[in-house]
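Okay, structure first, notes after.
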Amino acid sequence: MRISLFTGSGAELAPGLVSAIHKSVVTDAIFCSFQGLSGDEQTETRHHGGIERALHYYPAEHYAWWQTWQQAMALPEPGTPWQPAAFGENLSGLGLTETAACIGDVYRFGEALIQISQPRSPCFKLNLRFGYAQVSQVMQLSGRCGWLLRVLEEGVIAPDAELILVDSPYPALSVKRCADILFNQVRNEDDLLLLTETPALSPGWRQHAAHWLEHGTVADWSRRLMGPAAFRPVV
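Counting from -13, one number per residue, gives the positions in the sequence shown under the numbering used here.
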């Protein structure tokens, strides 16, 4: 399966808010370190980037779905077209979605070896990116979040490199199921325990599951999804 690569640097997304969600296609071979693709910037490192979130994959299949959703909701044209890199991803391709990709899956990608670490947790910056107040919520509810990856082995990746699955240690825990357990279903102790006991899942996600198990209350995702009042589109 051939994959397109994207990198970007910080730019103003809204007055007073800088983001590196703006990405451009990579046309030459690029080095992939444990921190991600060379030249790819993260402007807010608390929730983006780092060892567990070095790369972001978004399935190209979803862009047609988003266009259909926009038209069905009679919304104006988005601020950013529905096309690869629009969601700020580093990798995109056809043939792999959240229902088939699993937590812990390991891929050879050029010289690099990468592993799925967690689903993406969508945030309010997507609402600003497209100009609609509800994109992040729809993404979370629909499960079309894409996923994040850690880098197990550094190396050079050519623009025409193929993504080759080499190991799938947790085939029962798809990215979609993992996201649904935490975001889209009632509290289920067995499912939450599964997340806490899956070592390939990022520590942050295992901690969220453990907190729900211990305290019995789901985390409040509203600030992440909606953002501060000053950054909320009205459409």
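Each residue gets a CB set at the ideal place from its N, CA and C atoms; glycine is no exception. Only a predicted model underlies this, so the values are computations on that prediction, with no experimental measurement involved.
Opening and closing residue of the beta strand (DSSP E) in which H42 lies: 41 to 43
Beta-carbon gap between V12 and L(-9) smaller than 8 Å: yes
Cβ-Cβ separation, D146 to R39 (assumed contact under 8 Å), whole Å: That pair is no contact at about 25 Å.
Buried/exposed call for F20, threshold 16 Cβ in 10 Å: exposed
C-beta contact flag for D125 and L135 at 8 Å: This sequence places Met at residue 125; Asp is not what is there. Contact: no.
Extent of the continuous alpha helix (DSSP H) run through D153: Looking at the DSSP string, D153 is not in any alpha helix (DSSP H); the run it does join, the beta strand (DSSP E), is 149 to 153.
Per DSSP, cross-strand counterpart(s) of T182: Its beta-bridge partners do not exist; DSSP assigns none.
Local Cβ density within 10 Å of V137, reported as buried at 16 or more and exposed below that: buried
Where the beta strand (DSSP E) through Y93 begins and ends: 92 to 95
Distance between F95 and Q123 (C-alpha atoms, nearest Å): 31 Å
Segment contact, 8 Å Cβ cut-off, at least three pairs: the region 76 to 90 with the region 154 to 165: yes
Contact under 8 Å by Cβ, V142 with E97: yes
Selected residue, minimal CA-CA separation from D14, among A6, G25, H8, W191: G25
Beta-ladder partner(s) of E(-2), from DSSP: V4
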